[in-house]
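Protein chains in written order, with our numbering: chain E, -18 to 318; chain Z, -18 to 318. Presented below is the structure to which this report refers.
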DNA sequence: CACCAAACTGGAAGCGTTTGCAGGCGAGGC
DNA sequence: GCCTCGCCTGCAAACGCTTCCAGTTTGGTG
């Protein structure tokens, strides 16, 4: 394995000059630069990451913490982050923290604090203020996506307002019996979004003078199959059936549509369904939804962090509301007569 | 930021002893170890990764290369790998190489060869022999999952035989008009699995004396929506309709079922569908499939690599056939009369 | 009780870069 | 023609650990 020394020798230059030539930092004459590059290419030289990190303090590596990689939203964020980082020449270290507690703590202590990453993107993860302070203390900026991070920059959508908008869409169509399929409490501590969307639902209902019936707020685990089961009990239950369902995610909306079909209910004739996400499968089901482009959110997070890292000084905390698109398809219509 | 020196000072020990005490390598008296650990805890000491990597040559970091993070199969592998690595105290560096060519090359050169990772797991990625040789030359073991890697260890399932088994299951039920939904050629160069499964399908058909009709082999892009579109043309076309479909993945099988429903075809009464994967959604659709447990494959890959890394010497190349489970549900039955 | 091996410890030499510093050199201004 | 300035270059000192080596202690054995 050729080291920078070998390159220097072959190029007839000093190690320092080669380093500057290859990294682009500092002044190097064009001739020397060419010689260094040629020698490096000849030897197949690749600088050692740990050595260069150690000496320079930069890692070119950012950490991404997600609670799942299966759910569409998270996979999309990962994709967006990954692409943006590859372009920038950064590595992506993925921490998929499925369970709570133990695992989570160890990731924080053993991994994130180990100076291995230059910055952290945390998705739907509620870090405590002290945890955030810890990270910032060692000059590791954090950006949170879809989760409130007190003291750190965040990217989020207007969950409350969008939930309201979704419900209002149904109300405007004439629906009064509107149910809500909300997210699981597995993530309760970390993931406040379900509750925020639920609040938006309730606000819109009350604002329109509609009653929020507790049996019409059902909980599922954010997956298609979970929502399917929940929707079955909602739609097949003994209680009066709603004419519309606002699901807190597209996957749950799809589960609802599948359950409705199984009961012989036509969407949207017998039941309107609206989701939230922008899932690719939405088109297939004609799903009306709010597209939040998580890929773009991931890419934006990277841009924010990288700008900050280059900028040098500690960046300010900023809370970005990511724009969304209301996508009206065929799963919502006026209620049955 | 406290360094090991500070810890040594506080513990009244030498740097060397502290290093040994905390890493567990070498002999240290219980008393010294306790003192070192206490001092480290007091100071909130976390060893610098780059420094320890540089000095020791170990990275505790492995690279995972996947062509997608959205498709269920890949997400599952990522999950399995991630969990296994977290347990082992390793970092996971994710390379999501969506496009071919340029990006792929740069990942290989700029990232994988940079000694940043101790080993590489490549999923459904066909590296050339010279690329593999390059990695092995710098002592970076590789394990391939679901893709042939000449000269490297691999974990795979018996795609050919399993495809045959799936088709034979349909044949035994009495089907003769069996179509095959195969994978896209986007991955053509890297991803040989679709062709292998196709070959298994053809072999089983011919062995049973059934004709392989070209219009009954349709291609989709491995997604639900892609398969849905393909299945629509297959089932709604002018040609004679098959009574059964063998889809090369569960996602494609689900797309097929959705398309069938749209045509008013009942599954399995009018159309039998069999998939391959073990997707969680399969249960919801009553999908008969072959469960290949990609999570387990990911975990196994990690175990293989870590055993090899600990073992020290260059490990031998071994090709592991991962066991699968044939899961019979309700999407397959005897053909309509 | 002497001796030897094994356990333990500390000093110091790396690991392979980056970068501060200072010297050298050519060009431009007076 | 001389001085200054700025670009270029090389030396050497970090960066923060690990580990070899050698020295010291401990425990066990003949």
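Note that the Cβ used here is the ideal one computed from N, Cα and C, for glycine as well.
Tell me where the alpha helix (DSSP H) around residue -2 of chain E begins and ends.
Run containing residue -2 of chain E: -4 to 4, per the alpha helix (DSSP H) assignment.
Write down every uninterrupted run of the alpha helix (DSSP H) in the segment 231 to 266 of chain Z whose length is 4 residues or greater and which is fully enclosed by it, in chain order.
The qualifying runs are 231 to 243 and 263 to 266.
With respect to the beta strand (DSSP E) encompassing residue 77 of chain E, which residues constitute its N-terminal and C-terminal limits?
That run of the beta strand (DSSP E) goes 72 to 77.
With a cut-off of 8 Å on the beta carbons, I'd call residue 203 of chain Z and residue 232 of chain Z a contact; round off their distance for me.
Right, the Cβ-Cβ distance comes to about 7 Å (below 8 Å), so this counts as a contact.
If you count every other CB in all the chains shown that lies within 10 Å of the CB of residue -18 of chain Z, and 16 or more means buried, which is it?
Exposed, by the Cβ-count rule.
Residues in its own chain within less than 6 Å of residue 75 of chain Z by CB, not counting five upstream and five downstream?
Setting aside the 5 residues that flank it on each side, residue 75 of chain Z is surrounded in the same chain by 45, each with a C-beta closer than 6 Å to its C-beta; the list follows chain order.
List the residues of chain Z whose Cβ lies closer than 8 Å to the Cβ of residue 63 of chain E, in chain order.
Listed along chain Z are 50, 75, 76 and 77, each with a C-beta nearer than 8 Å to that of residue 63 of chain E.
How would you list, in chain order, the residues of chain E whose beta-carbon sits under 8 Å from the beta-carbon of residue 72 of chain Z?
Ordered by position in chain E, the residues that pass the 8 Å Cβ test against residue 72 of chain Z are 74, 92 and 97.
Can you find the residues in the same chain that come closer than 8 Å, C-beta to C-beta, to residue 123 of chain Z, ignoring five residues on each side of it along the sequence?
In chain order, 100, 101, 102, 103, 108, 113, 116, 117, 130, 133 and 134 place their CB closer than 8 Å to the CB of residue 123 of chain Z, counting only its own chain and leaving out the 5 sequence neighbours on each side.
At a cut of 8 Å, does the segment 207 to 225 of chain Z reach the segment 233 to 246 of chain Z through at least three beta carbon pairs?
Yes, the segment 207 to 225 of chain Z is in contact with the segment 233 to 246 of chain Z.
Name, in chain order, the residues that DSSP records as bridge partners for residue 302 of chain Z.
In DSSP, residue 302 of chain Z forms a bridge with Z:137.
Using a Cβ cut-off of 7 Å, pull out every chain Z residue sitting near residue 32 of chain E, in sequence order please.
Going along chain Z in sequence order, the residues near residue 32 of chain E (Cβ under 7 Å) are 35.
Anything in the segment 262 to 289 of chain Z with a Cβ closer than 8 Å to a Cβ of chain E? List those residues in chain order, please.
The residues in question are 262, 264 and 265.
In the DSSP assignment, what are the bridge partners of residue 308 of chain Z?
According to DSSP, which records beta bridges pairwise, residue 308 of chain Z is partnered with Z:270.
Would you call the segment -7 to 9 of chain Z and the segment 300 to 312 of chain E in contact, with 3 or more CB pairs under 8 Å?
Touching, no.
Using 10 angstroms around the beta-carbon of residue 163 of chain Z, count the other beta-carbons present and answer buried if the total reaches 16, otherwise exposed.
Note on residue 163 of chain Z: 16 or more other CB atoms within 10 angstroms of its CB, so buried under the neighbour-count rule.
Out of Z:-6, Z:219, Z:158 and Z:21, which has the shortest C-alpha to C-alpha gap to residue 9 of chain Z?
With distances taken between Cα atoms, residue 9 of chain Z lies closest to Z:-6.
For residue 244 of chain Z, does the count of other Cβ atoms within 10 angstroms reach 16, so buried, or fall short, so exposed?
The residue is exposed, with fewer than 16 neighbouring Cβ atoms inside 10 Å.
Verify whether the separation of the beta carbon atoms of residue 145 of chain E and residue 190 of chain E is less than 9 Å.
Cβ atoms of residue 145 of chain E and residue 190 of chain E: not closer than 9 Å.
Residue 169 of chain E in three-state terms, based on DSSP:
Annotation note: pLDDT 48 at residue 169 of chain E (below 50); position unreliable, no value reported.
Alpha carbon to alpha carbon, how far is residue 267 of chain Z from residue 252 of chain Z? Give it in angstroms, no decimals.
As the crow flies, the alpha-carbon of residue 252 of chain Z is around 13 Å from that of residue 267 of chain Z.
Can you look up residue 161 of chain Z in the DSSP assignment and give me helix, strand or coil?
DSSP places residue 161 of chain Z within a strand segment (E or B) once states are collapsed to three.
Looking only at its own chain, which residues have a Cβ that is under 8 Å from the Cβ of residue 119 of chain Z, when we skip the five neighbours before and after it?
Around residue 119 of chain Z, the same chain offers 94 and 96 as residues with beta carbons nearer than 8 Å, after the five sequence neighbours per side are excluded.
Sort out for me which residues DSSP pairs residue 126 of chain E with in a bridge.
Beta-bridge annotation (DSSP): residue 126 of chain E is paired with E:104 and E:136.
Return the chain-ordered list of same chain residues with a C-beta closer than 6 Å to the C-beta of residue 224 of chain Z, the five sequence neighbours on each side being excluded.
Contacts found: 156, 158 and 316.
Proximity winner among E:29, E:25, E:66 and E:314, relative to residue 247 of chain E (alpha-carbon distances)
By alpha-carbon distance to residue 247 of chain E, the top candidate from E:29, E:25, E:66 and E:314 is E:314.
Would you kindly work out how many angstroms separate the C-alpha atoms of residue 3 of chain Z and residue 18 of chain Z, rounded to a whole number?
Distance between the alpha carbons of residue 3 of chain Z and residue 18 of chain Z is about 7 Å.
Just to confirm the assignment, what range does the alpha helix (DSSP H) spanning residue 174 of chain E have?
The continuous alpha helix (DSSP H) containing residue 174 of chain E extends over residues 174 to 188.
Do we get a CB-CB distance below 9 Å when we pair residue 169 of chain Z with the residues of chain E?
At residue 169 of chain Z, the pLDDT of 48 sits below 50, so the modelled position is not reliable and the matter cannot be decided from this model.
Using the beta-carbon of each residue, which ones in chain E are nearer than 8 Å to residue 119 of chain Z?
Neighbours of residue 119 of chain Z across chain E, judged by C-beta separation under 8 Å: -18.
Using only CA atoms, which one of Z:265, Z:86 and Z:230 lies nearest to residue 213 of chain E?
Taking only the C-alpha atoms, the option nearest residue 213 of chain E is Z:265.
Would you say residue 206 of chain E lies against chain Z (beta-carbon separation less than 9 Å)?
At a cut-off of 9 Å, the C-beta of residue 206 of chain E has a neighbouring C-beta in chain Z.
For the segment 170 to 185 of chain Z, which residues have a CB atom closer than 7 Å to at least one CB atom of chain E, in sequence order?
Those residues of the segment 170 to 185 of chain Z that come within reach of chain E (Cβ to Cβ, closer than 7 Å) do not exist; the list is empty.
Can you find a CB in chain E that lies within less than 9 Å of the CB of residue 0 of chain Z?
Put simply, the CB of residue 0 of chain Z is far from chain E, with every gap to its CB atoms at 9 Å or more.
Exposed unless 16 or more other CB atoms sit within 10 angstroms - verdict on residue 22 of chain E:
Flag for residue 22 of chain E reads exposed.
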